[in-house]
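So the structure is just underneath, and the comments pick up after that.
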Amino acid sequence: MKFIRKQVDKIKPNFEKGGKLYFLHSFFDAVETFLFVPNKVTQKGAHIRDAVDMKRTMIIVVMAMIPAFLFGVYNTGYQHALATGAALDFWSMIGYGLIKILPIFIVVYVVGLGIEIIFAQIRKHEVNEGFFVSGFLIPLIMPVDVPLWMVAVATAFAVIFGKEVFGGSGMNILNPALTARAFLFFAYPAFMSGDKVWIGGMLKGEGIIDGFSGATPMAQAAEGSTQFVNGAGNALSNWDMFLGIMPGSIGETSTLAILLGAVLLIATGVGSLRIMISVLAGGALMGIILNLFAINPYMELPWWNHFIIGGFAFGMVFMATDPVTASQTAKGKIIYGVLIGMLAILFRVLNPAFPEGMMLAILLMNVFAPLIDYYVVQGNINKRMKRFKHAKA
Amino acid sequence: MEYKLKIRKGLNIRLKGEASKKIKEIEAPDNFAIKPSDFHAIKPKVIAKPETKLKIGSPVFFDKNNPEIVFVSPISGTVTEIVRGEKRKILQINIKNDFKNDYEKLEVPAYTDSRERIVEFFCKSGLWQFFKQRPYGIIADTKLVPKSIFISLYDTAPLAPDYDYLLDGKQKLLTNALYYISSLTNGNVYIGLRKDSKLLKAFVGINNINTIEISGPHPAGNVGTLINKFDPINKDETVFTLNAQDLLHIANTIDKGYFSAERTIVLSGSEVKEPKYIKTFLGASVSNIIDGQISNENCRIISGNVLTGTKIEKDGALGFFENQLCIIPEGNEYEMFGWLLPGLKKFSSSRLYFSFLTPNKKYTINTNFHGGHRPFVMTGQYEKVCPFDILPQHLIKAIIVKDIDKMEQLGIYEVIEEDLALCEFVCTSKTEVQSILHEGLELMREEMS
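The listed protein sequences correspond, in order, to chains A and B.
Quick note on the numbering used here: the first sequence kicks off at 1 and runs consecutively.
Quick note on the numbering used here: the second sequence kicks off at 1001 and runs consecutively.
Next up, the structure:
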């Protein structure tokens, strides 16, 4: 440990002001603080500080996504095996999944972190950890057959126009990962909502069994089916869908894996339980309303079924809870969450243009979150003003 | 009236190095110093030039803006030096003790005398500077009549002295002083005490004095918390505040008839060999207190508690309002993958380190930031440690953008730095909350004057 520190101290002067490699100082700084918590001590204010920092907070979110990631790897291999009629051998499924998914991760991190470091350099601040999380989220909400160049373009768009133009981490209005997803959705709509992109290898079509369908339960529901089937035409039980053995974006299919992540987020207090419960309640409320006034098969889909198909669970646990883009006040979080849940189900069922409503519901509420906060804060102000008037009278 | 107050929001930082219930009396040291910077927002004008002989209670300087308020010598001796900084700003006035203990005799009025007479006595005797006013947390304006006065005899800050222990047996002195103090306001005097405090009985049933039995985590015992819960400050209103030690100085001075500079502080912190109570004097050099007491040379000596105190040197002087001398390790070292390790030895108010599994363990916390400064990301953190009916994060943001109307609307008059110190402690983004609030308060004061 001391050896590494010595080496770092040795090369450090090169990256400081006046050094040869000063233009790389943000990058050096990012690597150094990754390896070592800095030796900076308090100068004014409180002499001691909580051990928590942004790196710790963000790494917990990434850890919470690990179950969804692992299941995504497995499911990618499984769906591919199903589509090609290959033997359902565990390790070859995992191998296939990793070969499909890891390149997406690499592209996202290289493009995203590259842009982050450039901006940090220009703006002269430290590289923020926010992209740790965004970079992990983006692959998990991509369809597995998405071309890598699209991933690169979407990531660049999300980081630059979703985040950096507003001032960087902490200042953005929209969730960067969802911005990347929305960008692809609207830029390449035919591609992103087709039936082929969800299963590895189906776009090329080599070795795919005849008549195999890659339609997700969401797409099937939009077409009026309430008995979902997998690609081979076998019925999907609710249990299958809860476990996540169905086509869908890489990390969104397994409600179970997502709930494992939710447990970690709630236990550590990093993810807002208040928002998660509100989203769930809002979704349930809208689901029940639609059930009551059902005039078509999709509206008749039992309200709780919405929670185990599509991206509802993933959005609820990992997207809606993003502290920067969510409401910041306690009351605001409840309003924000309930509206996300309600709108997500409403968009899903009543808007035929968009099979998945969760993404749009969260992005829409990201935009409205400051307005919600404005009224909550105003409530606090009004209380104070009333007291003031009362005291004067 | 007798009230009870239960606070839920807040945080007790569990530090090692709590003082044992033992008072050590130390001899008055050779050197004393008075630092005008301890008294926020005054313009000092020195009366006692170098070589002047002073008695205990002799005026040393006064405030140019309020010449009636004089600051007096805690000791008899000779002024040796007036240390000045940039622009001839007076940093401190050094006094050498002559060990004669001569004092200026005071004419103590009766508490039934007029308010003017009592205010004059407080100003002349050097006691007035103990009264602070809200808004702003500055020395009280002698021309203002506060709507109420708040006194806290319960310090909930980390490693703070136990006033039930320190003040026990002095009830009579204190109640006598309270008669004087209560004549400063036409409203109520509120006294905060620990739940089931031994001292409670002494204050029940006196004139306009109300007692508040407090329970809950820090900042439950701050006068700010009491104000917010019992008589919140509106625009154009003023409240005076006093802390336990200040009340004791007033009580002793009234009793003895000369300025009492004796103060019992607590020497605490993980780097102190034997943490205990120390009987010393206002303005006394700390060198003979900490002599032989430091177990780690790479440490920070803090005059005051770890949240709000000031860093001093080994031969520095105790701050005028401080009741604690705390010594903790400096954190000027790198920690490899510190943010990734389980962190059983790290104190955190969050549950992000495994130390949350040991809720009663005490910790050694050093002065390291434990991370870099970031823009605001996490939300709801400040609210968890702030029992006030205000939105701290929004207030801080209003101050950052210097929006005076919003600052006022969000309740800046009700808080001073110490009340939001915990927000600064818990902040994931390592925001300097106290400095920002300080700037905000200064800005408001300028705008309003």
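Backbone N, C-alpha and C define an ideal beta-carbon position, used for all residues, glycine too.
query	result
Does any C-beta atom of chain A lie closer than 8 Å to the C-beta of Glu1297 of chain B?	no
Candidates A:Met385, A:Ser249 and A:Ala64: which alpha carbon is nearest Leu1410 of chain B's?	A:Met385
What does Lys1347 of chain B touch in chain A if you count any residue whose Cβ is under 8 Å from its own?	According to the sequence as given, residue 1347 of chain B is Phe; it is not Lys. Correct list: Asp50 and Ala51.
Please give the ranges of any beta strand (DSSP E) in the segment 359-390 of chain A, keeping only runs that are unbroken, at least 3 residues long and fully inside the region.	none
Residues of chain B with a CB under 7 Å from the CB of Arg384 of chain A: which are they?	Gln1409 and Gly1411
Which word fits His390 of chain A, buried or exposed, when buried means at least 16 other C-beta atoms lie within 10 angstroms of its C-beta?	exposed
DSSP three-state label for Asn1296 of chain B, please.	coil
Thinking C-alpha only, which one of A:Gly72, A:Ala30 and A:Lys2 is nearest Ile258 of chain A?	A:Gly72
Does the separation of the CB atoms of Val1239 of chain B and Asp1231 of chain B fall below 8 Å?	yes
Compare the Cα-Cα distances from Ile1452 of chain B to each of B:Glu1086, B:Glu1335, B:Ile1206 and B:Gln1245 and report the closest residue.	What the structure shows of chain B is the stretch from 1001 to 1449, and residue 1452 of chain B is not part of that stretch, so it cannot be assessed.
Any beta carbon from chain D within less than 8 Å of Glu164 of chain A's own beta carbon?	The chain inventory of the structure shown lacks chain D, comprising the protein chains A and B.
Shorter than 8 Å from the beta carbon of Ile1416 of chain B to some beta carbon of chain A?	no
Against Gln1393 of chain B, what residues of chain A qualify as contacts under a CB-to-CB distance less than 8 Å, listed in chain order?	Gln328
Tell me where the beta strand (DSSP E) around Leu1242 of chain B begins and ends.	Val1239 to Asn1243
Can you look up Phe1369 of chain B in the DSSP assignment and give me helix, strand or coil?	coil
Grab me the residues of Glu1018 of chain B's own chain with a C-beta within less than 7 Å of its C-beta, minus the 5 sequence neighbours each way, in chain order.	Leu1159, Ser1268 and Pro1275
If you check the beta carbons only, do Thr1175 of chain B and Phe1203 of chain B fall under 8 Å apart?	yes
Kindly confirm or deny that the segment 136-146 of chain A and the segment 102-110 of chain A touch, where touching means at least three C-beta pairs closer than 8 Å.	yes
Tell me Met1336 of chain B's beta-bridge partners as DSSP assigns them.	A:Phe36
Leaving out the 5 sequence neighbours to the left and right, which residues in its chain are closer than 7 Å to Ala120 of chain A when beta-carbon positions are compared?	Ser26, Glu126 and Val127
Beta-carbon separation of Met276 of chain A and Gly315 of chain A under 8 Å?	no
Report the three-state DSSP secondary structure of Gly332 of chain A (helix, strand or coil).	helix
What's the C-alpha gap between Glu151 of chain A and Phe161 of chain A?	According to the sequence provided, residue 151 of chain A is Val. The question's Glu does not apply to it. The alpha-carbon atoms of Val151 of chain A and Phe161 of chain A are separated by roughly 15 Å.
Could you check the C-alpha separation between Val37 of chain A and Asn1368 of chain B for me, to the nearest Å?	9 Å
At least one CB of chain A closer than 8 Å to the CB of Gly1338 of chain B: is that the case?	yes
Any idea what DSSP makes of Gly337 of chain A, helix, strand or coil?	helix
Would you say Glu300 of chain A reaches chain B, if we count a Cβ-Cβ gap shorter than 8 Å as a contact?	no
Taking Thr1428 of chain B as the query, report the chain A residues whose CB atoms sit under 9 Å from its CB, ordered along the chain.	Asp50, Val52, Asp53, Met54, Arg56 and Thr57
So does the segment 1093-1110 of chain B actually touch the segment 1254-1263 of chain B, counting three or more Cβ pairs closer than 8 Å?	yes
What are the boundary residues of the beta strand (DSSP E) that includes Thr1280 of chain B?	Lys1276 to Phe1281
Met1448 of chain B CB to nearest chain A CB: under 8 Å?	no
Could you tell me whether any Cβ in chain A is nearer than 8 Å to the Cβ of Ser1037 of chain B?	no
Less than 8 Å between the CB atoms is what I'm expecting for Leu1325 of chain B and Ile1265 of chain B, so what's the real figure, rounded?	6 Å
Whose Cβ in chain A lies nearer than 8 Å to the Cβ of Gln1434 of chain B?	Lys44, Gly45 and Ala46
What I want to know is whether the C-beta of Thr325 of chain A ends up closer than 7 Å to one or more non-hydrogen atoms of the ligand SAM.	Only the bare structure without any ligand can be found here, which leaves the ligand SAM out of the picture.
Could you compute how far the alpha carbon of Ala86 of chain A sits from the alpha carbon of Gly97 of chain A?	14 Å
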